[in-house]
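Enquirer: Dropping the structure in here first, questions after.
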Ligand SMILES: [Zn+2]
Ligand SMILES: [Zn+2]
């Protein structure tokens, strides 16, 4: 008697033992794949790094989890030689267009694609709705809310005999901006999970929020101004919504690419958890239009400025820090992860963000707002999935991922948890 076996093939093209540059191909062994994400990373010289190559002729569809560049940044390269269907939510399409545009302004010289390729990708987008199944070749593709940023999705690929679930970037804690990710009742044989914080837990969200609001109040009541450098996509709107709820009468300004991202979010209410708070923020707070506005704001008192960039790499945040950083009554509140070798990390470690910058006199504090699940949230997701046989860790630094693996080994068995490097091809038969 011949026993039918389900075959699952997974190629790690990016995000193997590294955070970012996500790119995972999944197939049933036929040589055809669904490609999930095609993002970029940056090296120490700030040059973009693309994932490993895949022949577009072997890809039935490209599915993009969300609009952060480490998931979408390299995708236009596939359109230099093909016209693949690109699956993403409607807001990911708009946000992704903006992010790639900004990326090309800064790094265009290094990139193997041009604006025409970006346009071709956008022309080939099929907008998806959470919970619906889209058929491509032998495969069915479904998006499930990932709770990371508005429009972010986990992706489940039905290969016919087996199912693979890829989390992308995921957050299980609900925020004002997006509801938390849930996997109740979801079945998958293989789960590809991000492990950015596979070795740490975040303090409870309410505590961080309370501490942040109290600290902001102290500074503005003392006549100082607060600068909050924040990522344009996600964190800024979350901070704006938090302030709209807790300090609706405060003088809050937002500056940089945050303005356009906020406009896009306002035009997509279906992806925003507490939409009324976001619109309240837009109504109550002021967007900064020009350098005249900026000069007035830094001369004022009791102002709160949310500005890109989150790690102080460019954006108006550097202007503000130069103007506000020399007074003790002012404050710089970091609310985003500060990557090594960024001005933000330097500021935190050395008290100045560049060689020629003066030492910061303003109060400096970091708040652990995160849009990624901590190890407990991630482990719970793994525990929730039904019929799970194998877990593959991606989007994780080597030291972190090893610890995350140990944690999951206990849950699903050591031989069933893998932490592959880029270029590895995994084959399972059940
Ligand atoms: Zn990511
Ligand atoms: Zn992300």
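In our numbering, the protein residues as written are -19 to 410. Think of the CB as a built atom: it goes at the ideal place given N, C-alpha and C, for glycine as much as any other residue. Please read these numbers as outputs of a predicted model, since none were measured by experiment.
#1: May I ask which residues mark the beginning and end of the beta strand (DSSP E) holding residue 424?
#2: Whose CB is closer than 5 Å to a heavy atom of ligand 2? List the residues in chain order.
#3: Thinking just about the alpha-carbon of each residue, which of 73, 14, 23 and 182 is nearest to the one in residue 251?
#4: Decide if residue 379 is buried, meaning its Cβ has at least 16 other Cβ atoms within 10 Å, or exposed.
#5: What would DSSP say about residue 63, mapped onto helix, strand or coil?
#6: Does the Cβ of residue 174 lie closer than 8 Å to at least one heavy atom of ligand 1?
#7: What would DSSP say about residue 124, mapped onto helix, strand or coil?
#8: Spatial neighbours of residue 232 within its chain, please: C-beta separation below 6 Å, excluding the five flanking residues on both sides.
#9: Among residues of its own chain, excluding the 5 on either side of residue 98, which ones have a beta-carbon nearer than 6 Å to its beta-carbon?
#10: Return the first residue and the last residue of the beta strand (DSSP E) that residue 173 is part of.
#11: Quick one: grab the DSSP three-state call for residue 413.
#12: Can you find the residues in the same chain that come closer than 6 Å, C-beta to C-beta, to residue -15, ignoring five residues on each side of it along the sequence?
#13: CB of residue 50 to nearest heavy atom of ligand 1: below 8 Å?
#14: Comparing the CB of residue 383 with every heavy atom of ligand 1, is any distance shorter than 8 Å?
#15: Rounding to the nearest angstrom, what Cα-Cα distance links residue 185 and residue 154 in this structure?
#16: By DSSP, does residue 410 sit in helix, in strand, or in coil?
#17: Is it the case that the CB of residue 375 approaches a heavy atom of ligand 1 more closely than 8 Å?
#18: Comparing C-alpha positions only, which one of 123, 17 and 347 sits nearest to residue 188?
#19: Is residue 161 near ligand 1, going by C-beta to nearest heavy atom under 8 Å?
#20: Would residue 334 be called buried (16 or more neighbouring beta carbons within 10 Å of its own) or exposed?
#21: Relative to ligand 1, is the shortest distance from any of its heavy atoms to the C-beta of residue 2 smaller than 8 Å?
#22: Rounded to the nearest angstrom, what separates residue 51 and residue 20 at their Cα positions?
Expert: Result, derived from the coordinates:
#1: There is no way to answer for residue 424, as the model of the chain reaches only from -19 to 410.
#2: Every residue whose Cβ sits closer than 5 Å to any heavy atom of ligand 2 is listed here in chain order: 48 and 149.
#3: Taking the chain shown and counting its residues from 1, one reaches residue 251 at position 271. Selected option, being the one with the closest Cα: 73.
#4: Your numbering for residue 379 matches position 399 in the chain shown. It is exposed - the Cβ of residue 379 has fewer than 16 other Cβ atoms within 10 Å.
#5: Taking the chain shown and counting its residues from 1, one reaches residue 63 at position 83. Coil, per DSSP.
#6: The residue given as residue 174 occupies position 194 in the chain shown. Yes, Cβ of residue 174 sits closer than 8 Å to a heavy atom of ligand 1.
#7: Working through the chain shown from its first residue, we reach residue 124 at position 144. Annotated three-state conformation of residue 124 is strand, per DSSP.
#8: Working through the chain shown from its first residue, we reach residue 232 at position 252. Taken in chain order, the residues that qualify are 223, 265 and 284.
#9: For the purposes of this step, residue 98 is identified with residue 118 of the chain shown, where counting begins at 1. Excluding sequence positions up to five before and after residue 98, its CB lies within less than 6 Å of the CB of 56 and 80, all in the same chain and listed in chain order.
#10: Within the chain shown, the letter at position 193 stands for residue 173. Boundaries of the beta strand (DSSP E) around residue 173: 170 to 174.
#11: Only positions -19 to 410 of the chain appear in this structure, which leaves residue 413 out of reach.
#12: Here residue -15 corresponds to residue number 5 of the chain shown, with the count starting at 1. If we look at residue -15 and ignore the five residues flanking it on each side, its Cβ neighbours are 409.
#13: Taking the first residue of the chain shown as position 1, residue 50 is located at position 70. Residue 50 Cβ: within cutoff of ligand 1.
#14: Position 403 of the chain shown, counted from the start, is the residue given in the question as residue 383. Every heavy atom of ligand 1 is 8 Å or more from the Cβ of residue 383, so no.
#15: Your numbering for residue 185 matches position 205 in the chain shown. Your numbering for residue 154 matches position 174 in the chain shown. Looking at the backbone, the Cα of residue 185 and that of residue 154 are separated by about 9 Å.
#16: Here residue 410 refers to the residue found at position 430 of the chain shown. Residue state, collapsed to three classes: coil.
#17: For the purposes of this step, residue 375 is taken as the residue at position 395 of the chain shown. For ligand 1, at least one heavy atom lies less than 8 Å from the Cβ of residue 375.
#18: Here the question's residue 188 lines up with position 208 in the chain shown. Check the Cα spacing between residue 188 and each of 123, 17 and 347: the tightest is with 347.
#19: Here the question's residue 161 lines up with position 181 in the chain shown. Checking the 8 Å criterion, the Cβ of residue 161 is out of range of every heavy atom belonging to ligand 1.
#20: Within the chain shown, residue 334 is the residue found at index 354, counting from 1. By the neighbour-count rule (16 or more Cβ atoms within 10 Å), residue 334 is not buried but exposed.
#21: Walking along the chain shown from the start, residue 2 turns up at place 22. Relative to ligand 1, the beta carbon of residue 2 is positioned inside 8 Å of a heavy atom.
#22: Start at 1 with the first residue of the chain shown, and residue 51 comes out as number 71. Start at 1 with the first residue of the chain shown, and residue 20 comes out as number 40. So the alpha carbons of these two residues sit roughly 7 Å apart.
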